[in-house]
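Residue numbers (the numbering used here): -8 to 214. Before any comments, here is the structure.
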Amino acid sequence: MPTEQYSQEDYERDFLESKEVNRLALEHALDIRKFEIDLYWKRATYFWTFIAATLAGFVAVRAASKPSQVTTDLSVLLANLGLVFSFAWYCVNRGSKYWQENWEYHVDMLETKLSGPLYKVFMSRQEPRGTDEKVRHVLTGPSPFSVSKINQLISVFVTIMWLILLLYSLPAFSREADINLLYLALCSLSAAMCIAFFVYGRSYHEGLWHRAKIRSAVVKNDV
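Written out as structure tokens, the structure is:
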């Protein structure tokens, strides 16, 4: 079942011609948008907990004892965990933003006839005048920063930081040294998982075929 292009006329026919359908669709879009925002920050807390615990373990291993094979092994293991968790957090941030924007676009399309262009009208302060106002504006005034974009950039920073820590934890490269199969396996698994997030972690947007069954139930008394 292939997908089809969905035009402005299709959208107006399905959602805007009937006022009741328009109202219900707008209510659902607003509710799901709020739900997606709540999930966004819950997911961020979830990943921060894992990443912070992994970083604490990494620091403890590096600081608690003298360098040895065991501490190196644990450092490489924890750095790989931190790298995968951080990259997963970055991907989840992008996925959450994708679905949040989906419902924001629906609100933009649905709101006009019922509540006016509320979400499409931006209001802000006047531009600061004079040195004093400009300094106050820079220090305490609002600015159109995107909270979700900043959070996403932080996830990129943390991912790069874990990659640096992983490279720092690995022994110095030498052609004469034997290949450490544990390190090779851990790094290969981490790389494979990060690639899998991009290849297999995307939402499915193609056509779907559904299968359904229903069972019957009757009363049959013994005669």
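Using N, Cα and C, we set each Cβ at its ideal position, and we do this for glycine too.
Judged by beta-carbon spacing, S181 lies beyond the 8 Å limit of L69, meaning their Cβ atoms are not closer than that value.
DSSP, read as helix, strand or coil, puts K204 in coil.
As the crow flies, the alpha-carbon of S115 is around 54 Å from that of D64. Here the alpha carbons of R85 and R24 stand approximately 15 Å from one another.
A residue is called buried when at least 16 other Cβ atoms come within 10 angstroms of its Cβ; I42 meets this threshold and is buried. Nearest C-alpha to S160 among K111, F38 and S59: S59. In the structure shown, G107 adopts coil according to DSSP, grouped into three states. Secondary structure note for L21: its alpha helix (DSSP H) is the uninterrupted segment K10 to A55. Close CB contacts of S87 within its chain, under the 7 Å cut and outside five residues either way in sequence, are with E27, L30, Y31 and R34 (chain order). Pairing W153 with L144, the inter-Cα distance amounts to about 14 Å.
Beyond the five residues adjoining it in sequence on each side, L46 comes within less than 7 Å, by CB distance, of G73 in the same chain, given in chain order. Here F6 carries a helix assignment [DSSP, helix/strand/coil]. For I151, the enclosing alpha helix (DSSP H) has its first and last residue at V138 to S160. Excluding its 5 nearest sequence neighbours in each direction, V138 has no C-beta neighbour in its own chain below 8 Å.
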